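Heads up, the thing below is written out as structure tokens.
Residue numbers (my numbering), protein chains in the order written: chain A, 917 to 1088; chain B, 2 to 75.
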């Protein structure tokens, strides 16, 4: 337990796990952001949690994608002409155009969502933003709108201050 | 292998905690959606998320910290 913090349900710091996962909204989120701005312990705690969350995609189980999924995903993500070129190149090399773990993870997500193509593309875009690719913590944010999260201020370089960038839509 | 450590750490969570974290993090569902869809009290959903993350950190210890830098390299 951190010094100076009480584990009362109404205290902002007790919801820091939820905040890190983007589950606080409205007044709760704003209250947490104000608290974090003035509390170095919580900023440090938040950084630890975000680092941990960034590693969660590593736990996804390998799986083979269903037939045709690669084409559908590439078609949505890259646009048809580029997808076709990548597919042709990949076929010549006899290897998938997307990294295998991206295909596997997208396949796992597709199974869960029962073939929703929009969610499949969302999952692939999410994985493209996974720590292994971009260095940023993966965030399950694409399927619901959120207000940009303001950083706590102070010194730069905090993971929290990168929230607004991660919150941008990846659908454009 | 960090991936294997993560999988093992997740398997150390209760079934309910694993499910909630999967729905929230991988599925992108809100707490309210999970509560409504699976008929779970909202407070229970929150508790499972909190306890699940704490248990995950407990399972992993501190050995994983610093093995993943800001550029995405392990």
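Every residue gets a Cβ at the ideal spot worked out from N, C-alpha and C, and that includes glycine. Please read these numbers as outputs of a predicted model, since none were measured by experiment.
Check	Outcome
Same chain, Cβ closer than 6 Å to residue 1004 of chain A, five either side skipped, listed in chain order	none
Cβ-based neighbour list, residue 21 of chain B, same chain, cut-off 7 Å, excluding 5 preceding and 5 following	35, 46, 49, 50 and 53
Residue 937 of chain A (DSSP reduced to helix, strand or coil)	coil
Beta-carbon contacts of residue 994 of chain A that lie in its chain and below 8 Å, excluding the five residues immediately before and after	1002
Within chain B, partners of residue 1102 of chain A - CB distance below 7 Å	Because chain A spans 917 through 1088 in this model, residue 1102 of chain A falls outside it and cannot be assessed.
Length of the line joining the Cα atoms of residue 932 of chain A and residue 948 of chain A	7 Å
Interface partners of residue 14 of chain B on chain A, CB under 9 Å	Going along chain A, no residue has its Cβ under 9 Å from residue 14 of chain B, so there is no contact; the nearest lies around 11 Å.
7 Å Cβ shell around residue 940 of chain A - same chain, five flanking residues per side excluded	931, 934 and 948
Residues from the stretch 943-977 of chain A in contact with chain B, defined by Cβ distance under 9 Å	964, 965, 967, 968, 969, 970, 971, 972, 973, 974, 975, 976 and 977
Classification of residue 922 of chain A by the beta-carbon crowding that lies within 10 angstroms, buried from 16 upward	A caution first: residue 922 of chain A carries a pLDDT of 45, below 50, which makes its placement in the model unreliable, though a value can still be read off. It counts as exposed.
Supposed close pair residue 33 of chain B, residue 43 of chain B - CB separation, criterion 8 Å	6 Å
Within 8 Å of chain A by C-beta, residues of the stretch 28-54 of chain B in sequence order	28, 29, 31, 32, 47, 50, 51 and 54
Start and end residues, alpha helix (DSSP H) containing residue 21 of chain B	16-22
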